[in-house]
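One structure below.
Chains as they are written, first to last, in my numbering: chain X, 26 to 140; chain U, 18 to 126.
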């Protein structure tokens, strides 16, 4: 596909369950970002990859959150032992440049609801 | 700390009226400012960036370092401009963006 693809689009989890959210960036894009967007808020930075290297994970709210991009393409955001406060839309974005603030191309997001 | 403030959560104007969406930022370095837009049922997308100094869909934004502002303006709003608008701050040398909370613009017929 031409754009950033995320799956699942919707996920309902019971409190305490683990979830995995997938992001397929635009082919050839070096940089990949994860953002968390709570209801009525702007996107909040979680973590950033340049190829397979995770260069910044300062936004991950706790050690229950883990992200990887092992081959420098597809990325997975994993949340362990989900809590109600994890309910949000998780946005993935990619960009072609490294080391320069270029245009971010966003996916449609994965909406996580924790019951 | 880097921060972006969009003071208006909601903004409503009539078609043909001028519109200004406010954005103020806090950053000690050399900022890079962006406006992203999300139309109904679409993904977040770049509208414009300050370094390009271009007008997109009739919108312009000027970086005012003295007032630390990057307000988005359009002289004559159209109904299709109704959307969520997010101001974003990039920090020189980093691709990470800090977003404001967004302003929902409604253009009434």
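Glycine included, C-beta positions come from ideal geometry on N, C-alpha and C.
With a cut-off of 8 Å, do at least 3 Cβ pairs link the segment 128-138 of chain X to the segment 81-96 of chain X?
-> no
Could one say the Cβ of residue 46 of chain U lies closer than 8 Å to chain X's Cβ atoms, at least one of them?
-> Sequence index remark: in the second chain, residue 46 of chain U carries index 29 (1-based). Judged by the 8 Å Cβ criterion, residue 46 of chain U is not in contact with chain X.
Mind the definition here: the segment 69-86 of chain U touches the segment 32-43 of chain X only if three or more C-beta pairs lie below 8 Å; say whether that holds.
-> no
What is the C-beta distance between residue 37 of chain U and residue 82 of chain U, in whole angstroms, given that I count them as a contact (C-beta under 8 Å)?
-> Counted from its first residue, the second chain places residue 37 of chain U at position 20. Counted from its first residue, the second chain places residue 82 of chain U at position 65. Contact doesn't hold; Cβ gap of about 18 Å is too wide.
Considering only the beta carbon of each residue, do residue 29 of chain U and residue 123 of chain U sit closer than 8 Å?
-> On the second chain, residue 29 of chain U is found 12 positions in, with the first residue counted as 1. On the second chain, residue 123 of chain U is found 106 positions in, with the first residue counted as 1. Yes. Within cutoff.
Taking the CB atoms as reference points, tell me whether residue 74 of chain X and residue 94 of chain X lie closer together than 8 Å.
-> Counting from 1 along the first chain, the entry for residue 74 of chain X is found at position 49. Counting from 1 along the first chain, the entry for residue 94 of chain X is found at position 69. Against a cut-off of 8 Å, the Cβ pair of residue 94 of chain X and residue 74 of chain X comes out as a contact.
From U:73, U:97 and U:104, residue whose alpha carbon lies closest to that of residue 88 of chain U = Counting from 1 along the second chain, the entry for residue 88 of chain U is found at position 71. Comparing Cα positions, the closest option is U:104.
Confirm, please, whether the CB-CB distance from residue 23 of chain U to residue 117 of chain U is below 8 Å.
-> Counting from 1 along the second chain, the entry for residue 117 of chain U is found at position 100. Counting from 1 along the second chain, the entry for residue 23 of chain U is found at position 6. Yes; because the gap between Cβ atoms is below 8 Å, this pair is in contact.
If you drop the 5 nearest sequence neighbours on each side, which residues of the same chain put their C-beta closer than 6 Å to that of residue 99 of chain X?
-> Working through the first chain from its first residue, we reach residue 99 of chain X at position 74. Counting only Cβ-Cβ distances below 6 Å, and skipping sequence neighbours, we find 49.
Go through its chain and collect everything with a Cβ distance to residue 95 of chain U's Cβ below 7 Å, but skip five positions before and after it.
-> In the second chain, counting from the first residue as 1, residue 95 of chain U sits at position 78. Cβ neighbours of residue 95 of chain U beyond the five flanking positions: 32 and 124.
Where do the ends of the beta strand (DSSP E) carrying residue 72 of chain U lie?
-> Translated into the one-based positions of the second chain, residue 72 of chain U becomes position 55. Run containing residue 72 of chain U: none; DSSP gives neither H nor E here.
Given that residue 128 of chain X touches chain U, what residues does it touch there, using C-beta distances under 7 Å?
-> Here residue 128 of chain X refers to the residue found at position 103 when the first chain is read from its first residue. Per Cβ cutoff of 7 Å: 63.
C-alpha gap between residue 39 of chain U and residue 92 of chain U, whole angstroms = Within the second chain, residue 39 of chain U is the residue found at index 22, counting from 1. Within the second chain, residue 92 of chain U is the residue found at index 75, counting from 1. If you take the alpha carbons of residue 39 of chain U and residue 92 of chain U, they lie about 14 Å apart.
With 8 Å set as the bound, which would you pick, yes or no: does the beta-carbon of residue 93 of chain U sit closer than that to a beta-carbon of chain X?
-> What you label residue 93 of chain U is simply residue 76 of the second chain in a count that begins at 1. It does not: the Cβ of residue 93 of chain U has no partner Cβ on chain X nearer than 8 Å.
Between the CA atoms of residue 67 of chain X and residue 110 of chain X - distance to the nearest angstrom | Translated into the one-based positions of the first chain, residue 110 of chain X becomes position 85. Translated into the one-based positions of the first chain, residue 67 of chain X becomes position 42. Using only the alpha carbons, I get a separation of about 16 Å.
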